[in-house]
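Student: Sequential numbering of the sequence shown, starting at 138, is according to our numbering.
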Amino acid sequence: MRVPVLTYHAVNIAGNDYNGNDHVAFAADLRLIDEMGLRIVPASWLVDELRGVGKRDLSGCVALTCDDGSEFD
Numbered sequence: 138m139r140v141p142v143l144t145y146h147a148v149n150i151a152g153n154d155y156n157g158n159d160h161v162a163f164a165a166d167l168r169l170i171d172e173m174g175l176r177i178v179p180a181s182w183l184v185d186e187l188r189g190v191g192k193r194d195l196s197g198c199v200a201l202t203c204d205d206g207s208e209f210d
């Protein structure tokens, strides 16, 4: 099973392009995922499959993860 997992970080805003800004990358990736007809699934489904307790067809799927924000304290 191969399922891409795309990761994004809220404070990665070093520029205004795909490589330097995860907000820009996230929007672009959502468009591409839609254009490619991929299905977004929860990352927990991938974990279930890896643990051998899931029985889902994950072909043509992608998982997205985001950090939990930033703490500047």
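Cβ coordinates follow ideal geometry from the N, Cα and C atoms, glycine included.
#1: Taking only three categories from DSSP, how would you classify Arg188?
#2: Look at the alpha carbon of Ile170 and the alpha carbon of Glu208, and state the distance between them as a whole number of angstroms.
#3: Suppose contacts are defined by Cβ-Cβ distances below 8 Å. Is Gly197 in contact with Arg176 by that definition?
#4: Answer yes or no: do Leu143 and Leu183 have a C-beta to C-beta separation smaller than 8 Å?
#5: Under the DSSP definition of a beta bridge, which residues are partnered with Leu201?
Tutor: Here's the rundown:
#1: Three-state result, Arg188: helix.
#2: Pairing Ile170 with Glu208, the inter-Cα distance amounts to about 30 Å.
#3: Contact: yes.
#4: No, the pair does not count as a contact, with Cβ atoms beyond the cut-off.
#5: Note: Leu201 sits in a beta bridge opposite Leu143.
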